[in-house]
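Residue numbering for the sequence shown follows our numbering, starting at 65 and increasing by one per position. Below is one structure, written out as structure tokens; comments come after it.
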Amino acid sequence: MKPIYYPEPFRIKAVEPLKMLTRAEREKKLAEANYNEFALKAEDVYIDLLTDSGTNAMSSAQWSGVMMGDESYAGASSYFHLIENAKDIFGFEFIQPVHQGRAAEKVLIPILAEGKKYAIANMFFDTTRAHVGLAGCIPIDCVVPEALDTTCRADFKGNMDTEKLEKLIKEYGAENIAVIVETITNNSAGGQPVSVANIRETSRIAHKYGIPMMIDAARYAENSYFVKKREKEFANSSIKDIIHESFKCADCFTMSAKKDAIVNMGGLIGCRSKEIYDKVKQRCISFEGFVTYGGMSGRDLEALAIGLKEGLDEDYLRYRIGQMEYLAARLDEEGIAYQAPAGGHGIFVDAKKLLPHIPWYQYPGHTLALELYLEAGIRACDIGSYMLDRDPVTHEEQQSAFEFTRLAIPRRVYTQAHLDVIVDALINIRDRASEIKGYKIVEEAPVLRHFTAKLVPLK
Ligand code: F0G
């Protein structure tokens, strides 16, 4: 398909100047960072695609909300504004703000995990997986097999494999399973959407066995936009109606508000059970802060209250998802492979295909990320064998099913010209791919190594 760029439904009122380094300067910066993009200074990056989380541009309405939000320990009006908007959008009786997604996980998951052994998800995001583990349960992924084939253009590659889910429940025993989670969109599989039909079926199975169902709701609006475009039943539904349909299947949700709610910091917990909410409040007071601020300042609560609604706007979502589709269409023209079709928050380039001569244990996804920095000052990250830690028992390197370089696109930040710089850089890299060499780790932490590892380029 010809690349189409849906124009921005906004104009730019404040800008953040960017430094443009030379290639020689970037080579020096990368060596000083020990070939780890997390050790680069943001000011030395031209286009920052490390994450779409907390890197969004707020609107003028949100910035005026920042001035209006009142700073009170208890009972701030911005808290009530947030709760009113969140209840309206998600249809949940009890809502608790927290400072980000992993805080929501830290507060809620141990409540569900008490006395249990397993938790099953379409795919757990890293922090959710970590909190399941910290709560004493084993996390199990149960995504549809299409997700693992980057060339298979299925509509809902983020879905739970519901047949397998039922088998797993029977195998492990319903009484041992803490929670069943749908991550929407499915970040780890490439920002791939989950259909409402799949959410309904997952919920039906969970409830048949008396297991609570949770939504990991970081990208609730982008998921709903895909549903509207791809699931016939919802072609004429509003984004809000689709969110209602999805969330009514769940007993609780955790949400990182740093994505679709278009703020720089924030999170939410939602639940229907008063008993669980009472426990959530207690844990929130211990870990996050009093119930009416939950680790957030009043101004941030107000920006979030406004952002939750702005994120539902269809003109905005068309432009937003359109940016990924534009990138994808340009890559198709060049025959550069990625997790197809494009996901909601980024393009996951198939580094295994672009750098076929680099074996997994020399980290093709990481190599491509670093090459993008050298080529054009673009910062991306590996979602592959480099990101995976060593086996905790054998200490052997583990091979990932994917070797992706994730280009996560912040919301309302970059223009069409920026996107063209990204594709042009990939084309130049592709054209000299055979000269590119992999990397070797020389220093690494036992867990979450990719954040702090030191590497050297192979000769
Ligand atoms: N769940 C999902 C699906 C996520 O993508 C993230 C964060 C979290 C939970 C945790 O939220 O960062 O607010 O604590 N994802 C970011 C990313 C970090 O880059 O994909 P958090």
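Even glycine gets a Cβ: it sits at the ideal position worked out from N, Cα and C. From a predicted model like this one, the values you see are computed outputs, not experimental measurements.
Along the chain, where does the beta strand (DSSP E) containing A242 start, and where does it finish? 241 to 247
Report whether the distance from the Cβ of R475 to the nearest heavy atom of the ligand F0G is below 8 Å. no
In terms of DSSP beta bridges, what is G250 paired with? Residue identity differs from the one stated: residue 250 is Asn in this sequence, not Gly. The partner list for N250 (beta bridge, DSSP) reads Q256.
Give me, in chain order, the residues of the same chain whose beta-carbon lies closer than 7 Å to that of G447; leave out the 5 immediate sequence neighbours on both sides. Correcting the residue identity first, residue 447 is Ile in this sequence and not Gly. These residues qualify, in order along the chain: F412, G429, F466, F468, R470.
Would you call the CB atoms of Q126 and E374 closer than 9 Å? yes
For A199, which residues in the same chain have their Cβ closer than 7 Å to its Cβ, ignoring the five residues on either side in sequence? I173, P174, A177
Which one of A393, E246, I370, L438 has the shortest CA to CA distance from S128? I370
Could you check if L436 is buried or exposed, using at least 16 other CB atoms within 10 Å of its CB as the buried criterion? buried
Touching by the beta-carbon criterion (3+ pairs, under 8 Å), the region 292 to 305 and the region 376 to 393: yes
Suppose you measure from the CA of K338 to the CA of D455; what does that come to, to the nearest Å? 40 Å
Any heavy atom of the ligand F0G closer than 8 Å to the Cβ of E286? no
Can you list, in chain order, the residues of its chain whose CB lies under 6 Å from that of F188, leaving out five sequence neighbours each side? P203
Could you tell me if Q426 is buried or exposed, where buried requires 16 or more neighbouring beta carbons within 10 angstroms of its beta carbon? buried
Determine the contact status of I226 and N262, defining contact as a CB-CB distance below 9 Å. One detail in the question is off: residue 226 reads as Thr in this sequence, not Ile. Their beta carbons are under 9 Å apart, which means T226 touches N262 by this criterion.
Measure the C-alpha to C-alpha separation of L212 and G407 and round it to an integer number of angstroms. 14 Å
Measure from the alpha carbon of L85 to the alpha carbon of each residue in I111, A481, K77, E72, then state which is nearest. I111
Taking E507 as part of the beta strand (DSSP E), name the residues at either end of that continuous run. 503 to 507
Could you check if E80 is buried or exposed, using at least 16 other CB atoms within 10 Å of its CB as the buried criterion? exposed
I486 in three-state terms, based on DSSP: helix
Can you tell me which of I491, E499, N186, E297 puts its alpha carbon nearest to the alpha carbon of A270? N186
Measure the beta-carbon distance from R336 to F158 and round it to whole angstroms, keeping in mind my assumption that it falls under 8 Å. 7 Å
Between the region 274 to 283 and the region 243 to 257, do at least 3 Cβ pairs fall closer than 8 Å? yes
Nearest by alpha-carbon distance to E398: which of L381, S141, H409, L418 is it? L418
Coil, strand or helix - Q480 by DSSP: helix
For my contact list, Q256 and K221 are in at a C-beta cut-off of 8 Å; report their separation, rounded to the angstrom. 4 Å
Given a cut-off of 9 Å on the beta-carbon distance, is the pair T214 and A404 in contact? yes
Between the alpha carbons of A242 and K312, how many angstroms are there, rounded? 19 Å
Terminal residues of the continuous beta strand (DSSP E) containing I158? A small fix is needed here, since residue 158 is Phe in this sequence, not Ile. Element bounds for F158: 158 to 162.
Let me confirm a value: S142 is counted as buried when at least 16 other C-beta atoms fall within 10 Å, else exposed. Which label applies? buried
Exposure of M277, with buried meaning 16 or more beta-carbon neighbours within 10 Å: buried
Buried or exposed: K504, going by 16 or more other Cβ atoms within 10 Å of its Cβ? exposed
Tell me whether K322 counts as near the ligand F0G, meaning its Cβ is closer than 8 Å to at least one heavy atom of that ligand. yes
Out of D414, F354, Q480, which has the shortest C-alpha to C-alpha gap to I385? Q480
Applying the 10 Å Cβ sphere with the 16-neighbour rule, what's the burial state of S350? exposed
Buried or exposed: where does D324 fall if 16 or more other Cβ atoms within 10 Å of its Cβ makes it buried? buried
According to the neighbour-count rule (16 or more other Cβ atoms, all chains shown, within 10 Å of its Cβ), is T431 buried or exposed? buried
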